[in-house]
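Peer 1: Take a look at this one; I'll ask things after.
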Amino acid sequence: MYGQPVYIMKEGTERTTGKDAQRNNIIAARAVAEAIRSALGPKGMDKMLIDNFNDVTITNDGATILKEIEVNHPAAKFIIDLAKTQDQETGDGTTTVVVLAGELLKQSEDLLDLDIHPTLIIEGYKLARFEAEKILDDMGIAVTFDEDDKLRFIAQTSLASKIVSAEKEPLSELVVKAVKSVTEDIDGEKRADINNIQIQKKRGGSLSDTRLIDGIILDKEFVHADMPKKILDAKVLLLDKGLELSKTEIDAKINITSPEQVQAFLDREGEMLKEMSDKIIASGANVVLCQKGIDDVIQHHLAKNNIAAVRRIKKSDMEKLAKATGAMITSSLEGLETFIGDAKNVEETKIGDDDMIFVQECKNPKAVSILIRGGTEMIVNEAERAIHDALCVVRQVIHDKLIVPGGGAPEIRIAQKLGSFAKKQTSKVQLAVQRFAKAMEIIPRTLAENAGLDPIDVLSELYAKHSKEEASGFGVDPFSGKVKDMAKMNVFEPISVKTQAITSAAEAAEMILRIDDVIASKELSGPSMPEGPGPEDY
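Numbering-wise, the sequence shown is residues 21 to 558 according to this note's numbering.
This is the structure we're talking about:
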């Protein structure tokens, strides 16, 4: 106005607009995708991550890699959040979703260079995303709860790309048993809550020593040396009440004037503790698991009656124990007989250097445990991540009842079908749909590259196979280096993992493409103010 500049933002604020803003965001998102792309698939490489405390993590799990990476760029943080969401929703496909998002943005960059407006690119991506979901549904293969073989194949596919791949067959069997154990019928539908599967890790032994316990493992020991170390046909009592004398809520004083009064006071305390012990003994329980403390006097009485007890158990473990044994958690010592649960065997065992208590061989437990063993701490930690992913994919299949072939088959099928779909769209939107189709190729391309294959030859052969309608299951076999029918090789993935990955990646790309103005506020960092005059200057 009148040739004078008007400042509306704080001094020091940085602003990037138009194509520069879009390009910066795309470059940042692509950098994250490129960082983990080499970890995709059974032939993917591992990453060594070192944090501020020099703790080392070795993994090829996308969610773990991205969680450990520290980034400053907001677009990069957005892509990392994408992987976290994928992990929370489906438990697998975290690397896939980030690689897809990076490739969708890379393809959109070419369209932006052609002066195609971001709105038209977004419109094309939306249309392609909805069509991709329909194509995936058409590829879906139905699976029932009783098809253990297919559930095991699903778990094996997930485990095949991890460090534990050598033990994928026994581990997949263990995973399927664990998930099926905790599955319940809710409103006529099968629902598996994997929070009811406890995972305990102990360094030592080898991965082949990993086992499933029909019950719960407590990283504890019995409170008294004279208590039995093994109880058969256990009657389990769960208490969230402390077996000790509680202090008064208000301050109080007791005036004692003679030694007899002191003795009477102590005798009364002993009687009250004995009454607590007698109620537990009378209930018929021979294993007492307490969320709070147990007084030494009560420990002595219980040990004398061959009753084993454990104290200070976590609330989450108490809830799992209730599901495993059928016991009910109680805070009262009245009518204890109605709260007792069962376990065929409760035993204190030394695992490595630590004592652990196994509440096992429970009848129809709705909470179970997996004890993971391994030669080093890193292997045990990576095995935990791998087993968690496998548990998640089996749970997803039980919920969705649909699977699709793996090995990049769904992505190449989508790419091929979208080629025909694009021709039905208007000119500029058609280009966006074609670019979406091109982006889908990144998964089979990456699988081929990570296996040391020529991606052009692999993609050409895949397109040739998928040109036949009945050949929708063909994907990349990184082990033989050939294109094979994944369904015949029993390589499957849950349909929800693929749907979530493609949908989330597309939505992320659309959101980043919408941004055409980045305003970054920064604190003023000018020279400090001069000191004012002191009292002596006046």
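The beta carbon of each residue, even a glycine, is placed where N, CA and C say it ideally should be.
For A53 and K39, I'd like the C-alpha separation in whole angstroms.
Peer 2: So the two alpha carbons sit approximately 21 Å from each other.
Peer 1: With respect to the beta strand (DSSP E) encompassing A212, which residues constitute its N-terminal and C-terminal limits?
Peer 2: Where A212 is concerned, the enclosing beta strand (DSSP E) stretches over E209 to A212.
Peer 1: Could you pull out every residue in the same chain whose Cβ sits closer than 7 Å to the Cβ of E368, ignoring the five residues on either side in sequence?
Peer 2: These residues qualify, in order along the chain: E241, F242, K249, D375 and I377.
Peer 1: Answer yes or no: do V400 and T110 have a C-beta to C-beta separation smaller than 8 Å?
Peer 2: Not closer than 8 Å, so no.
Peer 1: Is DSSP giving Q311 helix, strand or coil here?
Peer 2: Here Q311 sits in coil by DSSP.
Peer 1: Nearest to V196 by CA position, among N44, L156 and K170, is which residue?
Peer 2: V196 has its Cα closest to that of K170, out of N44, L156 and K170.
Peer 1: I'd like to check one pair, A442 with M460: are the Cβ atoms closer than 8 Å?
Peer 2: Their beta carbons are not under 8 Å apart, which means M460 does not touch A442 by this criterion.
Peer 1: Between which residues of its own chain and S389 is the CB-CB distance below 7 Å, once the five residues before and five after are set aside?
Peer 2: Answer for S389: Q218, Q220, I233, G235, I236 and I237, listed in chain order.
Peer 1: Taking all protein chains shown into account, decide if L227 is buried (16 or more other Cβ within 10 angstroms of its Cβ) or exposed.
Peer 2: When all chains shown are included, L227 counts as buried.
Peer 1: Taking only the alpha-carbon atoms, compute the straight-line gap between Q445 and D207 and give it to the nearest angstrom.
Peer 2: In a straight line, the C-alpha of Q445 is about 43 Å away from that of D207.
Peer 1: Under the assumption that L7 contacts P498 (Cβ atoms under 8 Å), give the Cβ distance between them as a whole number of angstroms.
Peer 2: The shown model of the chain, from 21 to 558, leaves out residue 7, and the question about it has no answer.
Peer 1: Would you kindly report the start and end of the unbroken beta strand (DSSP E) that includes L422?
Peer 2: Taken as a continuous stretch (DSSP letters only), the beta strand (DSSP E) holding L422 covers L422 to P425.
Peer 1: Could you check whether A103 and L125 sit closer than 8 Å to each other, using their CB atoms as the reference points?
Peer 2: For L125 and A103, no; Cβs fall outside 8 Å.
Peer 1: Note down, one range per segment and in chain order, each beta strand (DSSP E) of at least 3 residues found wholly within the stretch 278 to 362.
Peer 2: Qualifying beta strand (DSSP E) stretches, in chain order: 307 to 310 and 328 to 330.
Peer 1: Assess contact between the stretch 250 to 262 and the stretch 299 to 312, defined as three or more Cβ pairs (one per stretch) separated by less than 8 Å. Is contact present?
Peer 2: The answer is yes - the stretch 299 to 312 touches the stretch 250 to 262, with three or more Cβ pairs under 8 Å.
Peer 1: Opposite R393 in the DSSP bridges: which residues?
Peer 2: DSSP lists K222 as partners of R393.
Peer 1: List the whole-angstrom C-beta distance separating G122 from A49, where the pair is believed to meet the contact cut-off of C-beta under 8 Å.
Peer 2: Indeed they touch by this definition, with Cβ atoms about 6 Å apart.
Peer 1: If you reduce the DSSP assignment to three classes, tell me which class T36 lands in.
Peer 2: Note: T36 maps to strand in three-state DSSP.
Peer 1: Taking only three categories from DSSP, how would you classify A540?
Peer 2: Strand, per DSSP.
Peer 1: I'd like the span of the beta strand (DSSP E) that includes T79, first residue to last.
Peer 2: Unbroken beta strand (DSSP E) run through T79: V76 to T79.
Peer 1: Evaluate E556 with the Cβ neighbour count: other Cβ atoms within 10 Å of its Cβ, from every protein chain shown; 16 or more gives buried, anything less gives exposed.
Peer 2: At E556 the pLDDT is 45, less than 50, meaning the model places this residue with poor confidence and gives no usable figure here.
Peer 1: Have a look at Q319 and E291 and give me their C-alpha separation to the nearest angstrom.
Peer 2: When rounded, the distance between both Cα atoms is 14 Å.
Peer 1: In the structure shown, what three-state DSSP assignment does A254 receive?
Peer 2: Strand at A254.
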